[in-house]
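Novice: A single structure is presented below for examination.
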Amino acid sequence: MTVGWVIPHNDPILKLWTLTATVTHSRGRADTAVTLPLPFLTFLIKSFETILQFSIVLLSCLREVIANQIHYSDTQLETDYDLDVSDFLVWSTIATSLAKWSDTKKAKWRKLNQERAAAKNRTTHRRHRRRRDEEMVCYKSFGCFRDEGPFDYLDTLPASPESIATTFTLYTRKNSVDGEKLDYENSTTVLKSNFNSSNPIKIIIHGFGSSGRRPWVLQMTEAFLFMEDMNLIVVDWENGAQLPNYVQAAANTQLIGKQIALLIRMINFNKGLAPEDYHLIGFSLGAHVAGFTGMEISNISRIT
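Under full-length UniProt numbering, the sequence shown has 9 at position 9, and the numbering climbs by one with no breaks.
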């Protein structure tokens, strides 16, 4: 079978140049295939050339990105997947922690009711409810925390900043593996870093039973930086999110939220940025942290 192309004269009906494909079979029978207008064929050829040029540029960009991208090895991920905290362990720990907290809370209320009964016997003329005394703890730079509002129910206060030891690590395409430590009390850490005010800013906050060095966190930073260059800040509050005390970790989210707020204010002051430039990404209790940061700083662009 052979294929031949015939270019006829100007078609008086279509008034378009056309190409006619004539297919000749081995037995000598000739069939005429579809007749294509020449301008349409020209359009197809030019479109193919445009797509080819775009593909070449895209491949060139991808090759440059991949060349500059350093992938994490199993050693750099710090912990093997088999040693990572499983979902079942996290949920079972939460259940155990809440059960223990519930027993402790009931014991406190029993003691309080006994005190009320004793006080009632002593002063029978007073008939009013007595609320337990609110507890409070204060930390430098963060103010005071009270077990009121939603934390009245938890009856738990945040641990100290020293015991949690929160860290902030900046990742960009220039330092995609090791990162650079940022400190909200030291502005030189951001001024001397690879922080680029022209790039997007995302803050990743892990949750209960996790840390800023878990494989999924590092692989997420790698995926983000593969898409585009950005300022990616990973918040590591591992000491405050440790198993098995879920209730204490939930109370700690208030403090972590304020710490992130201080970091954002420090960056904005030194880089001339605004809250609208930030995207907070929180997982598990990390989402609670992001919410508390939003309460401290209005107009955060996005919280996921």
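The beta-carbon is built from N, C-alpha and C at its ideal position, and this holds for glycine as well.
#1: In the DSSP output, what is residue 384 paired with across the bridge?
#2: Output needed for residue 174: all residues of its chain with C-beta closer than 6 Å, excluding positions within five of it in sequence on either side, in chain order.
#3: Hey, quick one: how far does the alpha helix (DSSP H) through residue 304 stretch, first residue to last?
#4: Expressed to the nearest angstrom, what Euclidean distance is found between the alpha-carbon atoms of residue 110 and residue 264?
#5: Where do the ends of the beta strand (DSSP E) carrying residue 283 lie?
#6: Give me, in chain order, the residues of the same chain whose beta-carbon lies closer than 7 Å to that of residue 96; leave out the 5 immediate sequence neighbours on both sides.
#7: Helix, strand or coil: how does DSSP classify residue 81 here?
#8: Could you name the residues that DSSP lists as bridge partners for residue 204?
#9: Express the C-alpha separation of residue 118 and residue 258 in angstroms, rounding to a whole number.
#10: So residue 224 packs on residue 232, CB below 8 Å; how close in whole Å?
#11: In three-state terms, what does DSSP make of residue 168?
#12: Which whole-angstrom value describes the C-beta separation of residue 256 and residue 240, a residue pair presumed to lie in contact below a C-beta threshold of 8 Å?
#13: Could you spell out where the alpha helix (DSSP H) holding residue 263 opens and where it closes?
#14: Between residue 181 and the rest of its own chain, which residues show a CB-CB distance below 8 Å, the 5 nearest in sequence each way excluded?
#15: Give me the Cβ distance between residue 249 and residue 191, rounded to the nearest whole Å; I'm assuming they're in contact under 8 Å.
#16: Can you give the Cα-Cα distance for residue 165 and residue 100, rounded to whole angstroms?
#17: Does DSSP put residue 157 in a helix, a strand or coil?
#18: Suppose you measure from the CA of residue 282 to the CA of residue 48; what does that come to, to the nearest Å?
#19: Determine contact between the region 285-303 and the region 202-214, defined as no fewer than three beta-carbon pairs at a distance below 8 Å.
#20: With respect to the beta strand (DSSP E) encompassing residue 180, which residues constitute its N-terminal and C-terminal limits?
#21: So what does DSSP say about residue 186, is it helix, strand or coil?
#22: Going by beta-carbon coordinates alone, are residue 93 and residue 209 separated by less than 8 Å?
#23: Buried or exposed: where does residue 302 fall if 16 or more other Cβ atoms within 10 Å of its Cβ makes it buried?
#24: Using CA coordinates, which residue listed in 228, 237, 144, 294 is at the minimum distance from residue 172?
#25: Cutting at 8 Å between CB atoms, please list the residues of its own chain near residue 271, excluding the five before and the five after it.
#26: Look at residue 158 and residue 53 and say whether their C-beta atoms are less than 8 Å apart.
#27: Taking the alpha carbon of residue 273 as the reference point, which residue from 135, 199, 295 has its own alpha carbon closest?
#28: Quick check: the Cα distance between residue 82 and residue 213, rounded to an integer number of angstroms?
#29: Measuring straight from C-alpha to C-alpha, what distance separates residue 279 and residue 294?
#30: Tell me which residue opens and which closes the alpha helix (DSSP H) that residue 223 is part of.
Specialist: Quick answer:
#1: Nothing about residue 384 can be reported from this structure: the residues present for the chain run from 1 to 304 only.
#2: Answer for residue 174: 194, listed in chain order.
#3: Premise fails: residue 304 is in no alpha helix (DSSP H) and is neither H nor E.
#4: Rounded to whole angstroms, residue 110 to residue 264 spans 44 Å at the Cα level.
#5: Here residue 283 belongs to no beta strand (DSSP E), and DSSP marks it neither H nor E.
#6: The residues are 244.
#7: The pLDDT assigned to residue 81 is 49, lower than 50, so where the model puts this residue is not dependable, and the model offers no usable value.
#8: In DSSP, residue 204 forms a bridge with 234, 281.
#9: Residue 258 and residue 118: Cα-Cα distance of roughly 41 Å.
#10: For a cut-off of 8 Å, the C-beta gap from residue 224 to residue 232 is around 6 Å, short enough to register as a contact.
#11: Strand, per DSSP.
#12: Between the beta-carbon of residue 256 and that of residue 240 there is about 7 Å, and that keeps the pair under the 8 Å contact cut.
#13: Residue 263 -> alpha helix (DSSP H) spans 246-271.
#14: Excluding sequence neighbours, residue 181 sits near 167, 168, 169, 170, 189.
#15: No, residue 249 and residue 191 are not in contact; Cβ-Cβ is about 33 Å, not under 8 Å.
#16: Taking the straight line from one Cα to the other gives about 26 Å.
#17: Coil.
#18: Approximately 44 Å, taken between the alpha carbons.
#19: Contact between the region 285-303 and the region 202-214 is present, because at least three Cβ pairs lie under 8 Å.
#20: Note, residue 180: beta strand (DSSP E), 180-182.
#21: In the three-state scheme derived from DSSP, where H, G and I count as helix and E and B as strand, residue 186 is classed as strand.
#22: The answer is yes: Cβ separation under 8 Å.
#23: Answer is exposed; the Cβ neighbour count stays below 16.
#24: Residue 172 has its Cα closest to that of 228, out of 228, 237, 144, 294.
#25: In chain order, 190, 195, 197 place their CB closer than 8 Å to the CB of residue 271, counting only its own chain and leaving out the 5 sequence neighbours on each side.
#26: In this structure, the beta-carbon distance from residue 158 to residue 53 does not fall below 8 Å.
#27: Distance check between residue 273 and each of 135, 199, 295 places 199 closest, using alpha-carbon atoms only.
#28: Because the pLDDT of residue 82 is 46, which lies under 50, any placement of that residue in the model is unreliable, and the number read from its coordinates should be weighed accordingly. Inter-residue distance for residue 82 and residue 213 is about 15 Å (C-alpha atoms, whole angstroms).
#29: If you take the alpha carbons of residue 279 and residue 294, they lie about 11 Å apart.
#30: Note, residue 223: alpha helix (DSSP H), 215-227.
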